[in-house]
Amino acid sequence: MIPSTTPAGTDPSAVPFLARTPEEWEREARRLGGKPFHGRQIFRSIQYRGVTNPLEMLDLPKALRERLATEGLRDSVEALTVRRSTDGTRKILIGARDQANVETVLIPGVTGARGRLPSPYDAADAAAGGGGDDGYGPDDDGPGDGAGEGEGEGEVQTGTAPDARIRVSQCISTQVGCAMGCVFCASGVAGFKRHLDAGEIVGQVLLGRRHLDDDERLSNVVYMGMGEPLHNYDATARSLRILTHQDGICLSTRRITVSTSGLVPEILKLGEDFQGNIGLAISLHAVSDERRSALMPINRKYPIAELMSALRKYPLPKRRRITIEYTLVSGQNDTPAEAKGLTKLLATLPVKINLIPMNPIDASTLGPPPMAGVLKFQKILVDAGFSCFIRRQRGEDVDAACGQLALLGAKPKVKRSLGVI
Ligand code: SF4
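The sequence shown: position 262 = 326 (this note's numbering), numbered continuously.
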């Protein structure tokens, strides 16, 4: 359990509504003429029941409800449009109060009431000895989703029989745009506009829950949408505390993954602040500094050796692993030699590897290798003993797949391509 600490001296009024801890709500309730326990009720109304209109918080005294309403308590984000893919994935365009837009994606799993779809990649998991420990998807292309693992986690605890509803993973954004400039990613190409505050991050999850189908439940949250979460560390950390709070949404830390392009000091800080309990995914994408720097400019600041050293220091709990994301870009990082290089680079780290055939974006002429090449790359990793999965493309028809989230109207005019490195 992550403590919901409130830094001394934090003025609760200055914290976004949706990101206040119960302790901060206690202080606010007192300021507004209520009792401290009313503050805890407010937290529970918002985070557990999803009620953000104070006039609907009927367990509060009428005077306090009205006082809260005059404070302007309301959602800081709203759903502008929802696009549903043929595979059930939903991309929600989120609007903030300043008209900024980000996107969040609901990705239903294929286990549960609707049955499990066969995956050609399951065999590779078994061959690699993948066991359930640290997955971040609902049905997931990774090993951490063993049947029954985490049942009852990642959603409001009801104490009832095993839940047959379909598990949904939500991918959330942390910034409007992104400053990291990865060449295969629409958010990076669009550039950085601003950080989201913690309320806007939590608000995406509250909104996402409202858009679940009746036979679905929120299971996992992945910080893999628009933006680099660790570039917006404070808001990301606060949102993690709120989402995992036992009186709120109560997501298990095992069901949350923060993905980073490799900001070394913040990786270490995340490990320290959350004792390694938050799932960590690293966008690696290359095994040499030269190639990685060309794909991901952040590598010039934190080269691969520094990144690997930080991963070794990340205080992972037993049986959990770091996820390595490797986007396969045709002609750039997809050769057997690179697969072998990856096996050497990761040899002593507790990792699982997700291979992502690059999703095409308007801003780039780069693309994925043919599936035969992807499978060959995977086989080298599996033969070396790694758990290695090929991420299925989800929501591609609504531009919701990995790397396709972009600022609306911010598509660059010039297509960016990369020469042979
Ligand atoms: S891949 Fe992630 S870090 Fe890189 S530009 Fe896209 S959103 Fe930013």
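Yeah, the Cβ is synthetic: ideal placement off N, Cα and C, and Gly gets one too.
Excluding five sequence neighbours on each side, which residues of the same chain lie with their C-beta closer than 7 Å to the C-beta of residue i?
i	result
G473	Low confidence applies to G473: its pLDDT is 38, below 50, so where it sits in the model is not reliable, and the reading given next is rough at best. The answer is none, since no qualifying residue turns up.
S109	V115 and M121
A160	S140, V141 and E264
L348	I388, E389 and Y390
K440	P400
R274	G114
I342	L304, T317, I320, V322 and L334
V438	L392, L419, P421 and I454
R364	S357
R129	P118, L119 and M121
A127	G97
Say the cut is 8 Å; is the CB of residue i nearer than that to a heavy atom of the ligand SF4?
i	result
E292	yes
G245	yes
S428	no
S347	yes
S373	no
M422	no
M121	no
S323	yes
I158	no
I362	yes
C249	yes
C242	yes
G39	Nothing about residue 39 can be read from this structure; the chain reaches only from 65 to 485.
G252	yes
In the DSSP assignment, find the alpha helix (DSSP H) that holds residue i and state where it starts and stops.
i	result
G312	Run containing G312: none; DSSP gives neither H nor E here.
S233	Counting along the chain, S233 falls outside any alpha helix (DSSP H), though it belongs to the beta strand (DSSP E) covering I230 to C235.
G395	Looking at the DSSP string, G395 is not in any alpha helix (DSSP H), and its letter there is neither H nor E.
L344	Per DSSP, L344 belongs to no alpha helix (DSSP H); it is in the beta strand (DSSP E), G343 to S347.
Q442	M435 to D447
L334	V328 to D337
N363	I362 to K365
I420	Run containing I420: none in the alpha helix (DSSP H); it sits in the beta strand (DSSP E), V415 to P421.
Taking the beta strand (DSSP E) that residue i belongs to, which residues open and close that run?
i	result
K257	F256 to H259
S357	S357 -> not in any beta strand (DSSP E); alpha helix (DSSP H) instead, spanning D353 to L359.
R455	Looking at the DSSP string, R455 is not in any beta strand (DSSP E), and its letter there is neither H nor E.
V266	Per DSSP, V266 belongs to no beta strand (DSSP E); it is in the alpha helix (DSSP H), A262 to R274.
G103	G103 -> not in any beta strand (DSSP E); alpha helix (DSSP H) instead, spanning P100 to Q111.
I158	R154 to A160
T168	N165 to P172
I320	I320 to T324
N284	E280 to Y287
T145	V141 to R148
V79	Neither: V79 is in no beta strand (DSSP E) and is coded neither H nor E.
On the CB-based measure, 16 or more other CB atoms within 10 Å of its CB, does residue i come out buried or exposed?
i	result
L119	exposed
A187	Here A187 scores only 32 on pLDDT, less than 50, and its place in the model should not be relied on; the value that follows carries that caveat. Classification for A187: exposed.
E90	buried
P125	exposed
G173	buried
V146	exposed
F101	exposed
M288	buried
G193	The predicted position of G193 is uncertain, since its pLDDT is 32 and thus under 50; a value taken from the coordinates is nonetheless stated next. It is exposed - the Cβ of G193 has fewer than 16 other Cβ atoms within 10 Å.
P433	buried
T134	exposed
Rank the options by C-alpha distance to the C-alpha of residue i and give the top, closest one.
i	options	result
R231	G395, R319, A127 and N117	R319
R131	R148, I106 and N397	I106
A83	M422, L137 and R95	L137
N423	F248, R91 and A448	F248
I158	A228, M290 and G252	M290
S373	A350, A403, L419 and P329	P329
V166	E264, L96 and D398	E264
A411	G449, Q442 and R113	G449
R383	G340, V269 and I236	G340
A164	D261, G437 and C314	D261
R154	L276, Q396 and S283	L276
A299	V266, G272 and V286	V266
P367	G405, L327 and Q268	L327
R376	E336, I362, H309 and D123	E336
R355	N397, V446 and I331	N397
L294	L344, I313 and L406	L344
Is residue i close to chain C, meaning its C-beta is less than 9 Å from at least one C-beta of that chain?
i	result
E135	Any reference to chain C falls outside this structure, which holds one protein chain only.
For residue i, collect the residues of the same chain with a Cβ closer than 6 Å to its Cβ; drop the 5 residues on either side in sequence, then sort them by chain order.
i	result
E292	C242, M244 and S325
Y255	Sequence check: residue 255 is Gly here, not Tyr. Excluding sequence neighbours, G255 sits near G241.
L144	L157 and G159
L270	G114
R258	V240
Using C-beta distances below 8 Å, list every residue in its chain close to residue i, excluding the 5 sequence neighbours before and after it, in chain order.
i	result
G431	V393, S394, M422 and P424
E92	P76, S77, R84, G103 and I106
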